[in-house]
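Chemist:
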Amino acid sequence: MCPRLGPRVLRAAASVHPWLPLLLPECRTMAQARQELRWLTEQFGVRSAKLHRACALRSRHVPLQYILGSQPFGDLDIKCRKDVLIPRWETEEWAMRLTEAMKEVLGGEKKHTRPWKVTDLCTGTGCIPLTILNETRETLKDPGLDIGAIDISPNAIQLTQENYKHNFPRDVRNPGNLQTPDNTQPPSSINFNIQKLDILDSSQVTKYTDKHLGVINILTCNPPYIPMQDFIKDVRSSVRVYEPKLALVADLEFYENLVEVWIGQRLIESFVYELGNIEQAEYVQKNVPPNWNVGVRYDSDQRPRCVYGYDSTAPHNYKHLFEIFAS
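According to the working numbering, the residues represented by the sequence shown are 942 to 1268, in order.
Written out as structure tokens, the structure is:
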């Protein structure tokens, strides 16, 4: 929570820029307020009416990414919009590390002849699967990539589609449209599928997996994981008021779904799920079958950030992949 703002602090801010005081209620420090003002000025101009409106919105705790319209994520520019969760640096950190591990390990598996299947649940903006596509498509183009992005929210589905088009040229999005010299269409080595689906409805999951044949090599998910009491007590007002509760509030539901459906029905060979607390990881560790190895990855703040696991009987070197991922 930001400390109460006295007249001296507000006068000091106004001496820097007349609209800087508008940023202080949400920003925790003067330095952070000045940094946000720089970003807003770069987008809207020094003294424009748009800049004033942006500062006024920020004073009402509207998230900066909704005002600017985007958030960097790896090398991608991810569009952000109300009713879809804003990507965080913690998610970016582990997603980038996962792609590094995938390139090093899966890129060396020459005996694998089918496209690598990666599916992201609760995809939101699509930042995780789009980053996997961006970072690994060259290394894994032979045998190929089959990436799925799933969400229950129509707003998230639409925004993922926009981010796909925004970040990738047409020849990447539709490689099958390229013609060979004999005027036939080559088989596409890259497939990016966006699907509206309630993953807590096991019948919908069954229909999805029946349609998309083959076991999923890596399942990723940044699920809702904040218990309601923590959401009310600990979450900042800009998040509580403006970001979708659908993408934020839950406890064990999605980890139970992971264990009972995705692992229990043998639909996946490995997974990475973001965490809200260590108890969620402990639930997964205690309830997976004995042939599954499970671990926890910590973020740069030394907080438990992901629970990951793999089927030790699967025919790929997931042990090495997740050793790299966890390091």
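The C-beta atom is built at its ideal place from N, Cα and C for all residues, glycine as well. Source: prediction; values computed, not measured.
Identify which residue in VAL1025, LEU1017, CYS1063 and GLU1045 has its Cα closest to the Cα of LEU1074.
Modeler: LEU1017
Chemist: Taking only three categories from DSSP, how would you classify ARG1238?
Modeler: In this structure, ARG1238 counts as strand in the three-state DSSP scheme.
Chemist: Less than 7 Å between the beta carbons of ARG1244 and TRP1035, yes or no?
Modeler: Contact flag unset, no.
Chemist: What's the gap between the Cα of GLY1089 and the Cα of GLN1102?
Modeler: 12 Å
Chemist: Report, in whole angstroms, the separation of the C-beta atoms of ASN927 and LYS1020, which I expect to be a contact under 8 Å.
Modeler: Lying outside 942 to 1268, the shown extent of the chain, residue 927 is not represented and no answer is given.
Chemist: Which term fits VAL1213, buried or exposed, when burial requires 16 or more other beta carbons within 10 angstroms of its beta carbon?
Modeler: buried
Chemist: With DSSP as the reference, label ASN1132 as helix, strand or coil.
Modeler: ASN1132 falls in the strand class under three-state DSSP.
Chemist: Compute the distance between the beta-carbons of THR1254 and ASN1228, then report whether it is under 7 Å.
Modeler: no
Chemist: In chain order, what residues of the same chain have a beta carbon less than 8 Å from the beta carbon of TYR1183, not counting five sequence neighbours either side?
Modeler: HIS1002, VAL1003, PRO1004, TYR1007 and LYS1023
Chemist: Flag this pair as touching only if the segment 1134-1148 and the segment 1076-1083 have three or more C-beta atom pairs under 8 Å; answer yes or no.
Modeler: no
Chemist: In the structure shown, what three-state DSSP assignment does CYS1247 receive?
Modeler: strand
Chemist: Between the alpha carbons of GLY1205 and ASP1142, how many angstroms are there, rounded?
Modeler: Whole-angstrom Cα-Cα distance: 14 Å.
Chemist: Can you say whether VAL987 is buried or exposed, counting buried as having 16 or more other CB atoms within 10 angstroms of its CB?
Modeler: By the neighbour-count rule (16 or more Cβ atoms within 10 Å), VAL987 is not buried but exposed.
Chemist: Given that a residue counts as buried once 16 or more other Cβ atoms are within 10 Å of its Cβ, and exposed if not, what is MET1169?
Modeler: exposed
Chemist: When DSSP builds the beta bridges, which residues end up paired with LYS1020?
Modeler: Within the DSSP bridge table, the entry for LYS1020 names SER1011 as partners.
Chemist: Between the alpha carbons of GLY1117 and THR1072, how many angstroms are there, rounded?
Modeler: Because the pLDDT at GLY1117 is just 43, under 50, the model does not fix this residue reliably, and the value given afterwards should be weighed accordingly. Each residue's alpha carbon lies about 21 Å from the other.
Chemist: Taking the alpha helix (DSSP H) that VAL1213 falls in, what are its first and last residues?
Modeler: Taken as a continuous stretch (DSSP letters only), VAL1213 belongs to no alpha helix (DSSP H), being part of the beta strand (DSSP E) at 1211-1215.
Chemist: Roughly how many angstroms lie between the CA atoms of THR1054 and LYS1152, to the nearest whole one?
Modeler: 20 Å
Chemist: Return the first residue and the last residue of the alpha helix (DSSP H) that ILE1069 is part of.
Modeler: Run containing ILE1069: 1068-1077, per the alpha helix (DSSP H) assignment.
Chemist: Enumerate in chain order the residues of its own chain whose CB-to-CB distance from ALA1222 is below 7 Å, with the five nearest sequence positions on each side excluded.
Modeler: Excluding residues within five positions, the ones whose Cβ falls inside 7 Å are LEU1216, VAL1237, PRO1245 and VAL1248.
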